[in-house]
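**Q**
Numbering (the numbering used here), first residue to last: 853 to 1050.
1. Exposed or buried, residue 1057, counting other C-beta atoms within 10 Å across all chains shown (16 or more means buried)?
2. Ends of the alpha helix (DSSP H) at residue 903?
3. Does the separation of the CB atoms of residue 999 and residue 929 fall below 7 Å?
4. Can you tell me whether residue 926 is helix, strand or coil according to DSSP?
5. Beta-carbon within less than 6 Å of residue 1020's beta-carbon, same chain only, minus the 5 sequence neighbours each way: which residues are those?
6. Is DSSP giving residue 1032 helix, strand or coil here?
7. Whole angstroms are fine: how far does the CA of residue 982 sit from the CA of residue 1031?
8. Ends of the beta strand (DSSP E) at residue 977?
9. Measuring only the C-alpha atoms, how far is residue 906 from residue 918?
10. So, for residue 911: in the same chain, excluding its five sequence neighbours on each side, which residues have a beta-carbon less than 7 Å away from its beta-carbon?
11. What's the C-alpha gap between residue 933 and residue 854?
12. Quick one, are the C-beta atoms of residue 986 and residue 1033 less than 7 Å apart?
13. Have a look at residue 959 and residue 972 and give me their C-alpha separation to the nearest angstrom.
14. Below 7 Å between beta carbons: does that hold for residue 908 and residue 984?
15. With DSSP as the reference, please indicate the residues paired to residue 856 in a beta bridge.
Right, here's the structure in full:
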């Protein structure tokens, strides 16, 4: 696996993968490196199924190794919602502000101690002629009473990581990225790379 495609157009994600894979002599490409417009419909009912769907669809189409991720927020008192619907929780147009407003409204008068939650990131690896697999990373925490902070995106302004007093959106990017669900999933992918010696 000397070249891998990351199934994203998000250049921030691509840079994270580039840094990790460069140590193994692996070149990283993203969907932006291809002329075709690829849009895989996420019809799975878990993060794992959606990540695998993306990775396997693109891998079989181009006959190359592909990594894809699916991520979101799970709130315990809401039975794991918004979960796989995190990005479009308040509607199809992917509006972070409206998603946060809807979530806080559903939580109502509950206190922070009753708002345990976690960010989840699942990374799927699909390779031609080999079995696909997934690695899951989480970041445990709780939902704040109101949004705080200017950094990050998505639900960062209302997510307080475990052992922190600040929301993700109040943390410097470097600190956030060192504890994030994506980082924790990437660590598991790196462990796999080291085991495989690829």
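Beta carbons: idealized from backbone N, C-alpha and C, even for Gly.
**A** Considering the structure as presented:
1. Residue 1057 is absent from the model: the chain starts at 853 and stops at 1050.
2. First-last of the alpha helix (DSSP H) with residue 903: 899–914.
3. no
4. strand
5. 1004, 1008, 1011, 1028
6. coil
7. Residue 1031 and residue 982: Cα-Cα distance of roughly 31 Å.
8. For residue 977, the enclosing beta strand (DSSP E) starts and ends at 968–978.
9. 9 Å
10. Here the set comprises 917, 918, 978, 979, 980.
11. 38 Å
12. no
13. 20 Å
14. yes
15. According to DSSP, residue 856 bridges with 880.
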